[in-house]
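Undergrad:
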Amino acid sequence: MKLQIHDTLRRDKVEFQPQNPQRVTLYVCGPTVYSYAHIGNARPVVVFDVLFRLLRTIYGEDHVIYARNITDVDDKINKAAMDQGVEIDVITNHFADIYNQDMATLGALRPTLEPRVTHNMAAIVDQIAAIVANGHAYAEQGHVLFDVESFKTYGALSRRSVDDMIAGARVEVAPYKRNPQDFVLWKPSKTGEPVWDSPWGPGRPGWHIECSAMIEANLGLPIDIHGGGHDLIFPHHENEIAQGLCAQHAHGHDSEYAHYWMHNGFLTFDGDKMSKSLGNVKLVHDLIKQVPGEVIRAALLSAHYRGPLDWTGELIAQTQSRLDGMYGTLRKFAAVPVRDEATPPAVLEALSDDLNTPRAFAELSALAKALETAADDAARIAAKSQLLAAGKVLGLLQGDAEAWFKAGVDEDLTVKIDALIAERIAARTAKNWSEADRIRKALDELGVEVMDSATGATWKLKAGV
RNA sequence: GGCCUGAUGGCGGAGCGGUUACGCACCGGAUUGCAAAUCCGUGAAGCCCGGUUCGACUCCGGGUCAGGCCUCCA
1 MKLQIHDTLR
11 RDKVEFQPQN
21 PQRVTLYVCG
31 PTVYSYAHIG
41 NARPVVVFDV
51 LFRLLRTIYG
61 EDHVIYARNI
71 TDVDDKINKA
81 AMDQGVEIDV
91 ITNHFADIYN
101 QDMATLGALR
111 PTLEPRVTHN
121 MAAIVDQIAA
131 IVANGHAYAE
141 QGHVLFDVES
151 FKTYGALSRR
161 SVDDMIAGAR
171 VEVAPYKRNP
181 QDFVLWKPSK
191 TGEPVWDSPW
201 GPGRPGWHIE
211 CSAMIEANLG
221 LPIDIHGGGH
231 DLIFPHHENE
241 IAQGLCAQHA
251 HGHDSEYAHY
261 WMHNGFLTFD
271 GDKMSKSLGN
281 VKLVHDLIKQ
291 VPGEVIRAAL
301 LSAHYRGPLD
311 WTGELIAQTQ
321 SRLDGMYGTL
331 RKFAAVPVRD
341 EATPPAVLEA
351 LSDDLNTPRA
361 FAELSALAKA
371 LETAADDAAR
381 IAAKSQLLAA
391 GKVLGLLQGD
401 AEAWFKAGVD
411 EDLTVKIDAL
421 IAERIAARTA
431 KNWSEADRIR
441 KALDELGVEV
451 MDSATGATWK
461 LKAGV
């Protein structure tokens, strides 16, 4: 099975070949922990979690190193800390914990490494020093700036020319910059802000340097795959390349930084861009109180990762129905034993085609149907095992099927429902249909739907209750 | 202005130069005390205009529309 991925730099689908199959490296830009993550932030997390699972499937669980940084030095963090009168780590630890909990609710595995800027300051200073030593950066008024003109292939990832950028520059050029497109590697901290020592004076790192420095320090250059949101292509990833390469050699373009670049598309909300002014920012932290994390995950995977995805109530409802159907099948065949099963080839094939999750979903449906229509126990065991194995690589269907339909039901209600169902079973046994119907109606008023079967009765909460 | 995406049935969403995607919803049938679930089945598509081709939703050109990036941003 050959893994094909779309590489942003080449603008084409290419075969993935790791430098070392025993040590496949993946880096994805993670959160700046000053507040809660929104669903837009969750898309890359879920998408690259599937990639992580797929790579582990192909190369072995211990042969994939996935790093996702936590940015804990940032202006917005400083502001939040200042506003609340606390040290920045009070803010960053708090939101990093919430972030990890929320992403776990979406079924995302913890990355192998979660490097933090504050823990990698020496590596950052080292990388800046190397860039300066190689003649690609200059110090000016306490700042260190990357000299874009010194790096000939700058703009290759985003397909921008330096000339265009100069022509289109809209912002006022800071006096310490030689050229408007030069970007900050190190800058002085303002009064009251956290500060670290450096050869260029006390200060803090610029925005882009953290990722390239942490990649070099934690994974080693070049890495196999670098991922992130589409919006990071420019300037963030462009600048990472410039830094990472120019730290290694005086002519950075002679080596490589990341062999494959993957970027997920954006989310819109009922067709609009998410923005604070429109008031349509949906936080994962809030959403998971209303919708199962697995539904959110499946909805995020319902479209191909590179395309746009419109986040709507309809999308959530359709995704919920789809998962209800599959969990319903699993509940119906709860007694069928499961054996260890490799990822079904059709699913592996779909995901190996640049993470074609919609096609993987189609296979999931086919396997669920195979389970429903299996002629004998052997076929049922095979189909159920395959369905669960397929779900595993997608991070879906691993929960208890019975619990799926009863999520959020408190104990009092459960007791009440179970009692009514017992009464109803007695009535049905006695063929007292009017009593049975009366109880069905009573349950209905509790928002519960009863499903009779040959072996008893099950129930679930009705949609929207 | 520059760069980049996308446009598929009622909705979501893939593949594919000629053959059913798949799901959700709907409709018909089976099944069910009733119902749900399930199964079987029907219907439903490819923004516009050209071109290439025996044949295009699929390739090429142009247009229209929508969205993103160029400043913090997944």
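If you're matching positions, the first sequence starts at 1 in full-length UniProt numbering and goes up one per residue.
Don't be surprised by glycine CBs; every beta carbon is placed ideally from N, CA and C.
(1) Pull up the DSSP beta-bridge partners for D182, would you.
(2) Is the beta carbon of W261 less than 9 Å from the beta carbon of H236?
(3) Determine, using beta carbons only, whether L323 and V393 come nearer to each other than 9 Å.
(4) Helix, strand or coil for R116, going by three-state DSSP, please let me know.
(5) Provide the residue span of the alpha helix (DSSP H) that contains G395, from first to last.
(6) Select from G447, S189, D182, H63 the residue whose C-alpha is nearest the C-alpha of Q22.
(7) Looking at the strands, I want to know which residues DSSP matches up with F146.
(8) Tell me which same chain residues have a C-beta within less than 8 Å of the C-beta of M1, skipping the five on either side of it?
(9) What are the residues that DSSP puts in a beta bridge with A260?
(10) Closer than 8 Å is the cut-off here; do at least three beta carbon pairs connect the stretch 353-362 with the stretch 336-345?
(11) Let me make sure I understand the geometry here. Which of T105, V450, R10, A454 has the alpha-carbon closest to that of K462?
(12) Could you check the C-alpha separation between D75 and R297 for me, to the nearest Å?
(13) What does the Cβ neighbour count give for S321, buried or exposed, with the cut at 16 atoms within 10 Å?
(14) Quick test of your reading: I288 and T105, contact by CB under 8 Å. State the CB separation rounded to the nearest angstrom.
(15) Alpha carbon to alpha carbon, how far is G229 from T455? Give it in angstroms, no decimals.
(16) Just how far apart, CA to CA, sit K13 and H263?
(17) Near S158, which residues of its chain fall below 7 Å by C-beta distance, leaving aside the five closest residues on each side in sequence?
(18) For Q4, name the three-state secondary structure that DSSP assigns.
(19) Rounded C-beta distance between R68 and E114? I'm assuming under 8 Å.
(20) Taking 9 Å as the cut-off, decide whether the C-beta atoms of L300 and R43 are in contact.
(21) Under the rule that 16 or more other beta-carbon atoms within 10 Å means buried, what is N41, buried or exposed?
(22) Can you find the residues in the same chain that come closer than 7 Å, C-beta to C-beta, to I209, ignoring five residues on each side of it along the sequence?
(23) Starting from L413, trace the beta strand (DSSP E) in both directions and tell me its first and last residue.
(24) Alpha carbon to alpha carbon, how far is S212 from G60? Give it in angstroms, no decimals.
(25) In whole angstroms, what is the alpha-carbon distance linking P222 and H94?
(26) Please go through the stretch 309-389 and give each complete beta strand (DSSP E) segment of 3 or more residues, from N-terminal end onward.
(27) Taking the CB atoms as reference points, tell me whether T25 and Q19 lie closer together than 9 Å.
(28) Is K76 helix, strand or coil by DSSP?
(29) Buried or exposed for G30, please, with buried defined as at least 16 other CB atoms from any protein chain shown within 10 angstroms of its CB.
(30) Can you name the start and end residues of the beta strand (DSSP E) that V45 belongs to?
(31) In three-state DSSP terms, what is A457?
(32) Taking the alpha carbon of I215 as the reference point, which residue from V28, D340, Q398 has its own alpha carbon closest?
(33) Using the three-state DSSP reduction, which class does W196 fall into: helix, strand or coil?
(34) Would you report the Cα separation of P188 and V295, rounded to the nearest angstrom?
(35) Below 7 Å CB to CB, which residues in the same chain sit around T343 once its five sequence neighbours on both sides are set aside?
(36) With H, G and I counted as helix, E and B as strand and the rest as coil, what does DSSP make of E87?
TA: Concretely, from the data shown:
(1) Looking at the DSSP assignment, D182 forms no beta bridge with any residue, so it has no partner.
(2) Annotated as distal: W261 and H236, with beta-carbon spacing of 9 Å or more.
(3) Taking 9 Å as the Cβ cut-off, L323 and V393 do not qualify as a contacting pair.
(4) In the structure shown, R116 falls within a strand segment according to DSSP collapsed to helix, strand and coil.
(5) Premise fails: G395 is in no alpha helix (DSSP H) and is neither H nor E.
(6) Residue H63 is the option with its Cα nearest to Q22.
(7) Answer is A137, F183.
(8) Closer than 8 Å at the Cβ level, and outside the excluded window around M1, lie I58, P345, L348, E349, S352.
(9) Looking at the sequence itself, residue 260 is Tyr, so the reference to Ala does not match. According to DSSP, Y260 bridges with I225.
(10) Put simply, the stretch 353-362 does not touch the stretch 336-345. Fewer than three CB pairs are less than 8 Å apart.
(11) Of the listed residues, the one whose Cα sits closest to K462 is V450.
(12) Between the alpha carbons of D75 and R297 lies a gap of roughly 31 Å.
(13) Burial call: exposed.
(14) With 8 Å as the limit, I288 and T105 qualify as a contact, their Cβ atoms being about 5 Å apart.
(15) Cα to Cα, the separation comes out at about 50 Å.
(16) Between K13 and H263, the C-alpha separation is close to 13 Å.
(17) Closer than 7 Å at the Cβ level, and outside the excluded window around S158, lie I233, F234, E238.
(18) When secondary structure is reduced to three states using DSSP, Q4 falls in the strand class.
(19) Correct: roughly 6 Å between the Cβ atoms.
(20) Their beta carbons are under 9 Å apart, which means L300 touches R43 by this criterion.
(21) Taking every protein chain shown into account, the CB of N41 has 16 or more other CB atoms within 10 angstroms, so this residue is buried.
(22) Cβ neighbours of I209 beyond the five flanking positions: I124, Q127, I128, L185, Q243.
(23) Bounds of any beta strand (DSSP E) do not take in L413; it lies within the alpha helix (DSSP H) bounded by 411-429.
(24) If you take the alpha carbons of G60 and S212, they lie about 26 Å apart.
(25) Cα-Cα distance, rounded: 33 Å.
(26) Counting whole runs of 3 or more residues, the stretch 309-389 contains the beta strand (DSSP E) stretches 309-311.
(27) With contacts defined by Cβ atoms closer than 9 Å, T25 and Q19 form a contacting pair.
(28) It is helical.
(29) By the neighbour-count rule (16 or more Cβ atoms within 10 Å), G30 is buried.
(30) Segment 39-59 is the alpha helix (DSSP H) holding V45; no beta strand (DSSP E) there.
(31) If DSSP states are grouped into helix, strand and coil, A457 belongs with the strands.
(32) Comparing C-alpha distances from I215 to each of V28, D340, Q398 shows the shortest one belongs to V28.
(33) DSSP places W196 in strand when its eight states are reduced to three.
(34) Whole-angstrom Cα-Cα distance: 45 Å.
(35) Correct list, in chain order: T57, A389, A390, V393.
(36) Three-state DSSP puts E87 in coil, outside helix and strand.
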